[in-house]
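In numbering that gives the first Met the number 0, the protein residues as written are 0 to 363.
All C-beta atoms in this analysis are idealised placements derived from N, C-alpha and C, irrespective of residue type, glycine included.
Quantities reported herein were computed from a predicted structural model and do not represent experimental measurements.
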Amino acid sequence: MPSLSSPTYLITGGCGFIGSNFTLMARQQNWSRIINLDAITYAANPANLSALANDEDYVFVKGSIGDRHLVEQLFEKYKPDGIINFAAESHVDRSILHPDSFINTNILGTHNLLEETLNYWNNIDSSKQKEFRFLHVSTDEVYGSLDANDPPFEETTPYDPRSPYSASKAASDHLVNAYHHTYGLPSLITNCSNNYGPYQFPEKLIPLIILNCLNLKPLPIYGDGQNIRDWLYVEDHCQGIYNVMTNANIGETYNIGGQTERTNIEVVHTICNILDELKPKPDFSYSSLITFVKDRLGHDRRYAINCNKIKKDLNWQAQESFPTGIRKTIQWYLEHPTWIEQVCSGEYQNWIQTNYKKSEGSIN
Ligand code: DAU
């Protein structure tokens, strides 16, 4: 029998990277019962949650946030106490090549979800209405790009998205705020910095570099490698989302960041050094695979997050430092060759061919 004591959360995109980590933590720590709606696009993998196969408080439903009828049925059947919207197209390079799916999922999909949530919320009893929350997981990329000496992004930094991906996330954030201010929907938004950790699809920098090292393939560094990102261990992010979901005031936005700024070339050297130690090869360093390639179009120079607000209001603090988090992450990839094999099938190979063979400076 499902437990009656903990709340029920409908989460979207629970088979993706951040959604999987959140779902596993939510079940391990009994934060909530989870109904996971996931469309199983290329970056999702239900096997991430195979540990929950016999968990009666975990339900998987295959489907899209754009499917109004399905979302309505889920509300009716499971009567959730809250929603966390992880579902999104999230890879900047893909948004540059094919923006359409970003507009569909991130903007139209979020809008569908908001509409159905509002219908549901308007019709539940007032005590349940008071407790209900719609939490939208977003990104620091909506704030634009920083120069070297700019202060980190704050919750009040004006939006200035610069890629089709970040523009679509900015639009979805605006819609969430609009539903709060116009219709009273009890919403929350979190804007995170770059996540890393177990289950990340190897199109993003860190897992891509780990896998290319393991396969002795070139390590592609866009431009001069001096772009800076602020790295956040995924479990710290999930804990932050839970704190916001359970303790924040309605209508608030919280930035969640790792306060770990690194240039891309530093990150890649760190991975190479750890692999030199954990998986040594005679007379060889993985850093010899580093290859500078043509820069990403419109490449944002630097992201950094000021997360004083979540620390102060909600007593959140990242537990993982970059040196410990990156080592754990590399170890996880070394220990999961079957997962890697599964996700690196056909579609992934097509993407690698398309993205890294496009022009001069290509690595293949
Ligand atoms: O800031 C949060 C955002 O971080 C998330 O909202 C996005 O969903 C997520 O994809 C990420 O965006 P980035 O574009 O920063 O992540 P990505 O891992 O694609 O790239 C990190 C940096 O590494 C970026 O400066 C581009 C560079 N890069 C990336 C790849 C894939 C390379 O130099 N070579 C590569 O092959």
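Item, Value
"Cβ-heavy atom distance, Asn369 to the ligand DAU, below 7 Å", "What is shown of the chain runs 0 to 363, which leaves residue 369 out entirely."
"Classification of Asn349 by the beta-carbon crowding that lies within 10 angstroms, buried from 16 upward", "exposed"
"Integer-rounded CB distance, given that Asp275 should sit under 8 Å from Ser284", "5 Å"
"Element boundaries [beta strand (DSSP E), containing Tyr61]", "A small correction: the amino acid at residue 61 is Lys; Tyr does not occupy that position in the sequence shown. First-last of the beta strand (DSSP E) with Lys61: 57–61."
"Leu36 classed as buried or exposed, judged by whether at least 16 other C-beta atoms fall within 10 angstroms", "buried"
"Candidates Gly62, Leu313, Tyr195: closest to Trp331 by CA position", "Tyr195"
"Leu204 beta carbon near the ligand DAU (any heavy atom closer than 7 Å)", "yes"
"Contact belief for Leu218 with Val266 at Cβ below 8 Å, rounded distance in angstroms", "With a Cβ gap of about 11 Å, Leu218 and Val266 do not count as contacting."
"Exposure label - Leu23; buried when at least 16 CB within 10 Å", "buried"
"Heavy atom of the ligand DAU within 7 Å of Asp92 beta-carbon", "yes"
"Distance between Asn53 and Phe152 (C-alpha atoms, nearest Å)", "42 Å"
"Euclidean distance between Cα positions of Leu313 and Cys306", "11 Å"
"Heavy atom of the ligand MN within 7 Å of Cys343 beta-carbon", "Among the ligands in the structure shown, the ligand MN does not appear; only the ligand DAU can be found there."
"Boundaries of the alpha helix (DSSP H) in which Arg228 is found, first to last residue", "It is not in any alpha helix (DSSP H) - Arg228 instead sits in the beta strand (DSSP E) that spans 227–232."
"Coil, strand or helix - Phe283 by DSSP", "strand"
"Residue of Arg300, Ile270, Gly256 minimising C-alpha distance to Gly224", "Arg300"
"Bridge-paired residues (DSSP) for Gly81", "Tyr8, Arg132"
"Element boundaries [beta strand (DSSP E), containing Phe200]", "Careful: Phe200 lies outside any beta strand (DSSP E) and carries neither H nor E."
"Pairwise C-alpha distance: Lys76 and Tyr164", "33 Å"
"C-beta atoms of Leu9 and Ile64 nearer than 8 Å", "no"
"In DSSP terms, what Phe291 is bridged to", "Ile220"
"Buried/exposed call for Leu277, threshold 16 Cβ in 10 Å", "exposed"
"Within 8 Å, strictly: CB atoms of Asn148 and Tyr302", "no"
"Arg32: first and last residue of the uninterrupted beta strand (DSSP E) it sits in", "32–37"
"Same chain, Cβ closer than 7 Å to Leu117, neighbours up to 5 away in sequence not counted", "Tyr178, Tyr182, Leu184"
"Pairwise C-alpha distance: Pro6 and Pro79", "7 Å"
"Any non-hydrogen atom of the ligand DAU closer than 7 Å to Asn214 Cβ", "no"
"Alpha carbon of Asn20 to alpha carbon of Gly62, nearest angstrom", "19 Å"
"Ser5 CB to nearest heavy atom of the ligand DAU below 7 Å", "no"
"Of the residues Tyr57, Ser162, Tyr355, the one placed nearest Asp139, counting alpha carbons only", "Ser162"
"Through-space distance from Gly345 to Gln352, alpha-carbon basis", "11 Å"
"Per-residue burial, Lys168 [other beta carbons within 10 Å of its own, 16 or more giving buried]", "buried"
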